[in-house]
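Engineer:
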Amino acid sequence: MNTENVVKHLRVLWRTDRIIAEIQMRHMLIGLGLRAFAALIAAFGLLMLELSAYFALVQIWSAISAAAILGAVNFAIVAILFLIAGRPPSGRELDEIHGSSIDALQIEARALQSQVSAAIHNPLNSVLPLLIVPLITIIIKSLRKPAAKPAATATAAEQK
1019 MNTENVVKHL RVLWRTDRII AEIQMRHMLI GLGLRAFAAL IAAFGLLMLE
1069 LSAYFALVQI WSAISAAAIL GAVNFAIVAI LFLIAGRPPS GRELDEIHGS
1119 SIDALQIEAR ALQSQVSAAI HNPLNSVLPL LIVPLITIII KSLRKPAAKP
1169 AATATAAEQK
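Each residue of the sequence shown is one higher than the last, beginning at 1019 in this note's numbering.
Laid out in structure tokens, this is it:
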């Protein structure tokens, strides 16, 4: 368990989440643009088609039947356009990367948990390697200082 690995996995997770959010936002904006464009086409194009279809149907059926048929056709066209605009984006690769980064982060968290539980149950095993080097340096320094003091006192005694 290494904190660098945890940070690395968190960065990968953050980047994939950011990329996924950007892709979803682009998809939503494109869908909104398609819906607006579909509404514009529906307003201008269907107005002319309805007008010509209405005049054609009035000669065959009554004016009420012609208007009802044209309304049903308009709703069918709009429903098809909304279905096309509402398709989900294809981002399976990003979902796999997101899942693998979460799995790696969970593995690192389990390793950290096992180290913490081992440190709690056996505190000397985790603290002792950290303390050995400073203790050895302190012992060596303390052994050197008394040897230097008698030499200094001997030279002071010789001078008197």
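For every residue, glycine included, the Cβ atom is placed at its ideal position computed from N, Cα and C.
(1) Closer than 8 Å is the cut-off here; do at least three beta carbon pairs connect the stretch 1053-1071 with the stretch 1096-1105?
(2) Using the beta-carbon count (16 or more within 10 Å), is Ser1132 buried or exposed?
(3) When burial is assigned at 16 or more other CB atoms within 10 Å of the CB, is Ala1039 buried or exposed?
(4) So, are the CB atoms of Leu1123 and Leu1052 less than 9 Å apart?
(5) Considering only the beta carbon of each residue, do Leu1088 and Leu1075 sit closer than 9 Å?
(6) Quick one, which of Arg1162, Ala1127, Leu1161, Ile1138 has its alpha-carbon nearest His1027's?
(7) Could you give the residue range of the alpha helix (DSSP H) that holds Trp1032?
(8) Label Ala978 either buried or exposed according to how many other C-beta atoms from any shown protein chain fall within 10 Å of its C-beta, with 16 as the threshold for buried.
(9) Since Ala1084 contacts Tyr1072 with CB under 8 Å, what's their CB separation in whole angstroms?
(10) State the start and end residues of the unbroken alpha helix (DSSP H) segment that holds Gly1089.
(11) What residues in its chain sit with their C-beta under 6 Å from that of Glu1068, if we drop five residues either side in the sequence?
(12) Please state if the CB of Ser1119 and the CB of Thr1034 are separated by a distance shorter than 9 Å.
(13) Can you grab the Cα-Cα spacing for the pair Lys1159 / Leu1149, in whole Å?
(14) Quick one: grab the DSSP three-state call for Pro1152.
(15) Looking at Ser1115: is its Cβ nearer than 9 Å to the Cβ of Val1030?
Structural biologist: Looking at the coordinates:
(1) yes
(2) exposed
(3) exposed
(4) no
(5) yes
(6) Ala1127
(7) 1021-1078
(8) The shown model of the chain, from 1019 to 1178, leaves out residue 978, and the question about it has no answer.
(9) 5 Å
(10) 1081-1103
(11) Leu1088
(12) yes
(13) 16 Å
(14) helix
(15) Note that residue 1115 is Ile in the sequence shown here, rather than Ser. Yes, Cβ-Cβ distance for Ile1115 and Val1030 is below 9 Å.
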